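Q:
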Amino acid sequence: MSVVSTGNIAKLLWPGLNARWGANYTEHPTEYTDLVDVFSSDMTYEEDQEMTGFGMAPVKPQGQPTVYDTMSQGVTSRYTHVAYGLGFIITREAIDDNQYEKVGMQRTGSLAFSMRQTKENVVANLYNRAFNSSYVGGDGVALLSTAHPSVAGNWSNKLATDADLSEASLEDLVIQIGQAKNSRGMRISIKPKSLVIPVQLQFEAARILKSVQQSGTANNDINALRTMGAFPDGIKVNHYLTDADAFFIRTDAPESLKLFQRVAAEFAQDKDFDSDNLKYKAYERYSTGWSDPRGLYGSAGA
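Next up, the structure:
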């Protein structure tokens, strides 16, 4: 068990330091809320159940009975809450002899930062692992796949051939979204909301979506993506995405990527009677995942 003692903070025991650095950087604003919809939970786990609906109506010949269809259960998605916790221990002497800001208060701020960073990374990993077949959803395949199973046959929410971010690849995905079908093969209306990208693609994304004319050409054509308002929620740059050329489109499909907050971040402290050590800890419990993969389309990059 690690303990913060006077040996860990020797420089803080003497006056004369000009500055202390390394633990008080400005952090990025909250970004995980751009990646998932957030809900509260008071249960051990949450489940979403797909219902397949009905198919197309066949021709009814004169005098013949009506054909009856059936509605059935499709994919079941379970969100099992996970607890995250971190703490630290400080000796009585380290607290008494510190010449600067109270060690406990300073380290508590660092603890809160660690908990926030953990949540950002946990949520971003839904995207970082979106093409990885080792991480599957309720339908048994990765979040972004060309072979999502359904009653009507396999369907895709990624480019058939992965491509880098460009005007053409974005248009291809927007067209693919516009051709979406439900599990019975019926046309449905889902639309792009935002473009989610890593830091490395922020300039290219701005050139593609924010220029008035078509990007990267000498033609006087309009920027169709901008003119049509293809991404009403704009560009979402996420600092926790790890693939430099993967990009994603969030859609307005309901019941898609989710975070269920079971217990919000809690902070507590206590004193050990025998050692006089002070203990500080943080605890939080939540779950992440997805139900309908139609909420996200993307490409892993070329």
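Under this note's numbering, the residues of the sequence shown are numbered 15 to 316, in order.
Cβ atoms here follow ideal geometry from the backbone N, Cα and C, with glycine treated the same way.
Quick caveat: nothing in here was measured; it's all calculated off a predicted structure.
1. Which residue's Cα is closest to the Cα of E107: Y297, L292 and S305?
2. Looking at the secondary structure, which residues open and close the alpha helix (DSSP H) in which F217 lies?
3. Can you name the residues that DSSP bridges to A316?
4. Locate the beta strand (DSSP E) running through V150, then write down its first and last residues.
5. Apart from the five residues just before and just after A156, which ones in its own chain have a Cβ nearer than 7 Å to its Cβ?
6. Among D284, A316, A97 and A296, which one has its Cα closest to the Cα of V104?
7. Any contact of the segment 294 to 304 with the segment 269 to 283, i.e. 3+ C-beta pairs under 8 Å?
8. In whole angstroms, give me the CA-to-CA distance for D266 and Y82.
9. Give the secondary structure of L292 by DSSP, where H, G and I count as helix, E and B as strand, and everything else as coil.
10. What are the partner residues of G303, as DSSP defines its beta bridges?
11. For I263 and I211, which I take to be in contact (beta-carbon distance under 8 Å), what is that distance rounded to the nearest angstrom?
12. Taking all protein chains shown into account, decide if I236 is buried (16 or more other Cβ within 10 angstroms of its Cβ) or exposed.
13. Between the segment 228 to 248 and the segment 75 to 94, can you find at least three pairs of beta-carbon atoms closer than 8 Å?
14. Output the distance between the C-alpha atoms of W35 and Y254, rounded to the nearest integer angstrom.
15. Determine whether the beta carbon atoms of V251 and V226 lie at a separation below 8 Å.
16. Rounded to the nearest angstrom, what separates K207 and K74 at their Cα positions?
17. Could you give the residue range of the beta strand (DSSP E) that holds I104?
A: So, to answer that:
1. On the sequence shown, position 93 is the one that residue 107 refers to. It is L292 whose Cα lies nearest to the Cα of E107.
2. Looking up residue 217 in the sequence shown gives position 203. Where F217 is concerned, the enclosing alpha helix (DSSP H) stretches over Q216 to K224.
3. One-based indexing of the sequence shown puts residue 316 at position 302. DSSP, once it has assigned bridges, lists no residue as partnering A316.
4. For the purposes of this step, residue 150 is taken as the residue at position 136 of the sequence shown. Where V150 is concerned, there is no enclosing beta strand (DSSP E), given that its DSSP letter is neither H nor E.
5. In the sequence shown, counting from the first residue as 1, residue 156 sits at position 142. Correct list, in chain order: A144, F145, N146, S147, Y149 and V150.
6. Counting from one through the sequence shown, the residue named residue 104 turns up at place 90. The question names Val, yet the displayed sequence has Ile at residue 104. Nearest C-alpha to I104: D284.
7. yes
8. Locating residue 266 in the sequence shown gives position 252, where the first residue counts as 1. Locating residue 82 in the sequence shown gives position 68, where the first residue counts as 1. The alpha-carbon atoms of D266 and Y82 are separated by roughly 32 Å.
9. Stepping through the sequence shown from its first residue, residue 292 is reached at position 278. Looking at L292 - three-state DSSP - the assignment turns out to be strand.
10. Taking the first residue of the sequence shown as 1, we reach residue 303 at position 289. BP columns for G303 point to K272.
11. Here residue 263 is taken as the residue at index 249 of the sequence shown, counted from 1. Here residue 211 is taken as the residue at index 197 of the sequence shown, counted from 1. In fact, because the Cβ distance is near 10 Å, the residues do not count as touching under 8 Å.
12. As a first step, residue 236 is located in the sequence shown; it is residue number 222 there, counting from the start. With fewer than 16 other Cβ atoms within 10 Å, it is exposed.
13. no
14. Residue numbering aside, residue 35 sits at position 21 when the sequence shown is read from its first letter. Residue numbering aside, residue 254 sits at position 240 when the sequence shown is read from its first letter. Below a pLDDT of 50, predicted positions are generally treated as unreliable, and W35, at 40, falls in that range; the measurement from the model is reported next regardless. Going from the Cα of W35 to the Cα of Y254 covers about 23 Å.
15. On the sequence shown, position 237 is the one that residue 251 refers to. On the sequence shown, position 212 is the one that residue 226 refers to. No, these two residues do not count as a Cβ contact at 8 Å.
16. Here residue 207 refers to the residue found at position 193 when the sequence shown is read from its first residue. Here residue 74 refers to the residue found at position 60 when the sequence shown is read from its first residue. Computed Cα separation, rounded: 40 Å.
17. To locate residue 104, count along the sequence shown from 1; it is residue 90. It spans V96 to I104 - the beta strand (DSSP E) in which I104 sits, taken as one unbroken run.
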